[in-house]
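Per our numbering, residue 24 is the first one in the sequence shown, and the count goes up by one each step. Heads up, the beta-carbon is just placed ideally off N, CA and C, and yes, glycines get one too.
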Amino acid sequence: MEFHILTVFPEMFASPLQASVLQRAQVRGLLRVYLHNIRDFTRDRHRVTDDYAYGGGPGMIMKPGPIVSGIQAVQERFGRAYVILLSPQGILLTQRLVKNLAQQERLLLICGRYGGVDARVQAYVDAEVSIGDYVLTGGELPALVVLDAVGRLLPNVLGDEHSVTEDSLFHGLLQGPVYTRPEEFAGMRVPAILRSGNHAAIAVWRRRQALLTTLRRRPELLPQAPLTPQDLATLQALQTQEALQEQATEHTS
Ligand code: ADE
């Protein structure tokens, strides 16, 4: 898969792309990342990429010309790309959206800066995406988030040691607790079931823990998760258990 990044700070991408999984994926030819400096698409002597906002107000606005020239140049040279503008006004990035983006052959990520991007750029954009309800100094870190989340889903990027189908949110639930050695740490023991060697029982336990973690921390995810009749029964039992526990703590406090 090909990633193209349009940015005024290409240097922000160097170290994240030169380490770990993303680096290995590039070396193995599974992922290609091209950095394009928006400044290279300016036509004036001072290579200006931003200007004052019409109507006044603080913050500089990114000019539409250089960004749109960049989008067009990339598509002319490399072929059609799915174009994403990173901004706090975008639709929220979720694992579901990440899975969809991983189906694309070529993504072009535009990193906004300053007080925003001229609204006319939207006519050249397929999706405006936000990585969360907070404001960053620019779209570079969000672009890296998209690259990482999408890149790790591509075939063969993660080794056999990790299956993405076990991820938090892959099946709409959070992952439950996980453990490694030592068996006892600071007086806390690894649950006996995980050392039992009974793989069927372990799978049932893990599913139950995923349901419990999601129920406690992100209950709003449950209505959208694909749950089996067995899951629904487990969930009902867990809800009752949680309610009873809450009552018990109310009585003792
Ligand atoms: N640019 C600034 N903040 C952002 C956010 N939360 N998501 C995407 N792009 C951004």
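> Secondary structure at Phe32, three-state DSSP: helix, strand or coil?
Replying inline: coil
> Since Tyr57 sits in a beta bridge, which residues does DSSP pair it with?
Replying inline: His27
> So, are the CB atoms of Leu192 and Thr236 less than 7 angstroms apart?
Replying inline: no
> Measuring from the CB of Ile154, is there a heavy atom of the ligand ADE at a distance below 6 angstroms?
Replying inline: yes
> Can you round the beta-carbon distance between Arg62 and Val31 to whole angstroms, since I take them to be within the 8 angstroms contact cut?
Replying inline: 6 angstroms
>> Quick check on DSSP: helix, strand or coil for Tyr147?
In response: helix
> Which residues bound the alpha helix (DSSP H) around Ile90?
Replying inline: Pro87 to Phe101
> According to DSSP, what are the bridge partners of Asp74?
Replying inline: Ile84
>> Are there any heavy atoms of the ligand ADE lying less than 6 angstroms away from the beta-carbon of Leu159, as far as the coordinates show?
In response: yes
>> Looking at the secondary structure, which residues open and close the alpha helix (DSSP H) in which Leu192 lies?
In response: Where Leu192 is concerned, there is no enclosing alpha helix (DSSP H), given that its DSSP letter is neither H nor E.
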